[in-house]
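Here's the structure we're looking at; comments come further down.
In UniProt numbering, the protein residues as written are 1 to 1023.
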């Protein structure tokens, strides 16, 4: 083992001697830990240095071993491409000689060139320079110094002093020593004053390119092993790695002037003062304060200031509950009195249930006093599902960028705050990271701040994660990670500046790991000593960062005692004045807590008037023909033969004035685009459609990435149509679309599940943000969710979208029949929390999509979308059902013989969705068309009480039956049964016909499926 290549702390890998050609090549590959190829690297003839003078070139990655590897590869191709000294070395090494024996000084080697590598203080005599052993040592020592530099860059963060409590390393890698000692490098004391040339991949020398070994070690320790630990060497871009080095390594790069230090102290004083004021006034209230990480406030304000300076005008923020109130006040500058009214147990001016104070959001537009620029700040409301807000924020940010034409994210950006346990424990964090560079989902870089309490609720990190660092999940997208000791405010400020500049430069994610502690328990009433007694003994003795930083500035003469006391007194007075003002309030004004205000949308509108959803026939024809036509340059654009057939079939339908589901959907989208409504369709495989029905993007069969989108070329001044194939994610992508829908009410935003049951994976988003979002946070959304649904004998998966779950969350009262009036329909829609429908005709599908933007308010729409009906020969609609005098039909009555002769009808069968066509076929086969009326309930919720009442009155002597294909404990039965009773005043019973209860949504046996279907049909239709 060579003395210069061994480091006991695992910081430098052992570089073995090479004995032969193959072993030597392996050594060269392994000796460069993070070498990467550069596509922009010159490919012409290269001029290499001599074997005794390893000199780096600017276009290399900085590792001499990588440089040697290149020469070796070049030598294998052409021995004359390298210097003669390397030719001799490689020939001898390939023959099996050890490196010490392989090196031979060629007779042409110039003495000055050899001496250039030997430090002036070296004890080696010049006469001995020409011995191969000494020359090898000189080269190896320089390579060892380069390896030392690289080892600090790669692994220095493992031994950085990050924990303010000083208990242990902030990571879980206990194999690293607590400090680095130069003896570990097998350099002795005499070597400390030797001068070494610095590699091009470090900037610790500033303008100096050579330093003494002791200075090299000290500067490396100062940069990588003090209060900042930087993880970036996994990034496969030399440009980005060098950018980070330039921001972290040069001497004096982190020095702050007196004014900057005073600003930090002022912000720390406000942060700690706010928590102290709340603790005094409401000692028994939960507030999830920031004690232990007060530096978060100056950190976030620094990011805001730097981003504003770089041109950002709007910042969207998402965070868990810890520190939310402090951020609302001291970062967003939300009026203090609005916060204090939340503690005062006042009545809400809003009739919804609302939410606790540390879950709600806000929107503020104010002047940034540091940059003297206006900036908008939004904190998105978030429940205690800590990371659920992540994709919401990204969707909202993307929408803000989209509608502003901010294609590079220079004006709008996002900041996400995380807890350490949640960051590594919640899968949605990973899913959201994976959206960061996708073309239709990127927000061009997010700054993530991890408030690393080093504890999750009551769980020690070693029991809550398997990764070394809680931030390791961010490495999947090559995001640089800056670990920083939260009790060093100046180090934190530097990291925040670097993070903001990184995001502005590369438009990629970046993570700040703010290593801190939690002074109280999980909340102020919690007792942490139950589970972490030793940690909290230390925390009780820990002085707050504000005190420590005040003492530091006092000792430096930056501030005086009088200034410090004045800062505290002024903020105390601000809090007290706001408290006195809040005492005069009688209600909490919820408009102050909107995170997505829709300025001007509700003004001047009749809140109960719906715009028409039918369109002119010429519009339908125009859209239909465009959608059914091949690309304009069809002679050059080669489409698939199957697509040609589909286009011909579409054109035939247009000429026959009929539509199927795919054509009706295209006409709904196209007509909205014509009216200036942006349409965004997102989900897995939505471009083609799961069932190959949509084909909104045509692909050239001979040219890669050449596509044509017919709906983007309908009208010259139309709105933009975005059809976005997503990653294989439901939780994050649905959340993203919710956030997108919050931004602009004049848009149709749709998320389509590949199959309806995939909504299971996104249940948190449905529960927290879609179903209850308006009730909790006064947040409206017109999001449409398409869930392909229907039992077709294909097994339990992908059969049922679980409509019963969505109906259970509907907020209408089953015992209340709303007053009948001209405004009955729209009043129901206004009062419900979301709309649940199962459309059995393309025309109804067309109308309900258009109704989403025709309403004077916004409600989410959950649609049980068709599967087999997409190609069912009877599932067609005439243009007449979509033109100007048509509208969405909440119920479709029987239009056959039974409907024409109601007095002779023996039974009325109500149903919804696909099962209607099974019932209709079976009724015809049984020849009971006159005896049984089939009625389709298209809008299940809000329930059409008025129409049900009228239809049942039309058939006064008929038996009433509800038929469904889902099992009895599933489907709509449990929802509609009590509402039928209310609509009929409990005077007429409604019998159930369908499958019996089951824990599974469908059978896996085709034979069993057919038997169950026949039993359902018998129960519904047998007289």
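Glycine is no exception: its CB is placed at the ideal position from the N, C-alpha and C atoms.
For residue j and residue i, believed in contact at Cβ under 8 angstroms, the rounded distance
{"i": "residue 971", "j": "residue 804", "result": "6 angstroms"}
{"i": "residue 550", "j": "residue 265", "result": "6 angstroms"}
{"i": "residue 398", "j": "residue 740", "result": "6 angstroms"}
{"i": "residue 313", "j": "residue 412", "result": "7 angstroms"}
{"i": "residue 853", "j": "residue 748", "result": "6 angstroms"}
{"i": "residue 381", "j": "residue 765", "result": "Contact doesn't hold; Cβ gap of about 13 angstroms is too wide."}
{"i": "residue 326", "j": "residue 400", "result": "Not really, about 25 angstroms apart at Cβ, beyond 8 angstroms."}
{"i": "residue 445", "j": "residue 507", "result": "4 angstroms"}
{"i": "residue 195", "j": "residue 211", "result": "7 angstroms"}
{"i": "residue 471", "j": "residue 513", "result": "5 angstroms"}
{"i": "residue 295", "j": "residue 492", "result": "5 angstroms"}
Separation of residue j from residue i, as counted between CA atoms
{"i": "residue 342", "j": "residue 167", "result": "38 angstroms"}
{"i": "residue 661", "j": "residue 874", "result": "11 angstroms"}
{"i": "residue 187", "j": "residue 71", "result": "29 angstroms"}
{"i": "residue 87", "j": "residue 73", "result": "12 angstroms"}
{"i": "residue 909", "j": "residue 808", "result": "23 angstroms"}
{"i": "residue 818", "j": "residue 985", "result": "13 angstroms"}
{"i": "residue 618", "j": "residue 385", "result": "49 angstroms"}
{"i": "residue 912", "j": "residue 1013", "result": "15 angstroms"}
{"i": "residue 261", "j": "residue 669", "result": "56 angstroms"}
{"i": "residue 771", "j": "residue 897", "result": "41 angstroms"}
{"i": "residue 945", "j": "residue 320", "result": "42 angstroms"}
{"i": "residue 437", "j": "residue 140", "result": "42 angstroms"}
{"i": "residue 311", "j": "residue 497", "result": "14 angstroms"}
{"i": "residue 952", "j": "residue 606", "result": "33 angstroms"}
{"i": "residue 894", "j": "residue 932", "result": "9 angstroms"}
{"i": "residue 899", "j": "residue 907", "result": "11 angstroms"}
{"i": "residue 76", "j": "residue 89", "result": "12 angstroms"}
{"i": "residue 244", "j": "residue 837", "result": "53 angstroms"}
{"i": "residue 775", "j": "residue 851", "result": "22 angstroms"}
{"i": "residue 41", "j": "residue 235", "result": "Residue confidence is low: residue 41 scores 40 on pLDDT, short of 50, so the model does not pin down where it sits. Its coordinate-derived value is still stated next. Rounded to whole angstroms, residue 41 to residue 235 spans 18 angstroms at the Cα level."}
{"i": "residue 156", "j": "residue 602", "result": "56 angstroms"}
{"i": "residue 390", "j": "residue 473", "result": "14 angstroms"}
{"i": "residue 259", "j": "residue 440", "result": "43 angstroms"}
Cβ-based burial, residue i [other Cβ within 10 Å; buried from 16]
{"i": "residue 499", "result": "buried"}
{"i": "residue 202", "result": "buried"}
{"i": "residue 469", "result": "buried"}
{"i": "residue 768", "result": "buried"}
{"i": "residue 292", "result": "buried"}
{"i": "residue 612", "result": "exposed"}
{"i": "residue 877", "result": "buried"}
{"i": "residue 596", "result": "buried"}
{"i": "residue 715", "result": "exposed"}
{"i": "residue 958", "result": "buried"}
{"i": "residue 1010", "result": "exposed"}
Nearest residue (CA-CA) to residue i, options the options
{"i": "residue 730", "options": "755, 718 and 716", "result": "755"}
{"i": "residue 330", "options": "427, 273 and 890", "result": "273"}
{"i": "residue 407", "options": "225, 871, 442 and 415", "result": "442"}
{"i": "residue 582", "options": "148, 151, 950 and 336", "result": "336"}
{"i": "residue 981", "options": "814, 892 and 867", "result": "814"}
{"i": "residue 793", "options": "1006, 475, 259 and 691", "result": "1006"}
{"i": "residue 869", "options": "976, 534 and 842", "result": "842"}
{"i": "residue 822", "options": "559, 610 and 832", "result": "610"}
heavy atom of the ligand NAP below 7 angstroms from residue i C-beta
{"i": "residue 91", "result": "The ligand NAP is not part of this structure, which contains no ligands at all."}
Discussion item. My parser needs the alpha helix (DSSP H) runs of 4 or more residues fully inside the region 132-159; what are they?
Written reply: 132-155
Could you tell me which whole beta strand (DSSP E) segments of length 3 or greater appear in the region 355-385? 362-368 and 373-379
Quick check for students: name the residue ranges of the beta strand (DSSP E) that lie wholly in the region 281-347, counting only runs of 3 or more.
314-318
Check your understanding: Mind pulling the beta strand (DSSP E) runs of 3 or more residues that sit fully within the region 763-797?
Key -> 784-788
Length-filtered (3 minimum) beta strand (DSSP E) runs lying within the region 954-1020 | 959-967 and 990-995
Checklist entry - What alpha helix (DSSP H) runs, 4 residues minimum, are completely inside the region 550-593? => result 561-582
**Prompt:** Quick one: complete beta strand (DSSP E) runs, 3+ long, within the region 649-729?
**Reply:** 678-683 and 721-725
So within the region 439-496, which uninterrupted beta strand (DSSP E) runs reach at least 3 residues, ignoring any that extend past its ends?
446-452 and 481-485
Next item on the list: For the region 217-293, list the beta strand (DSSP E) runs that are entirely contained and at least 3 residues long, ordered along the chain.
Entry: 228-231
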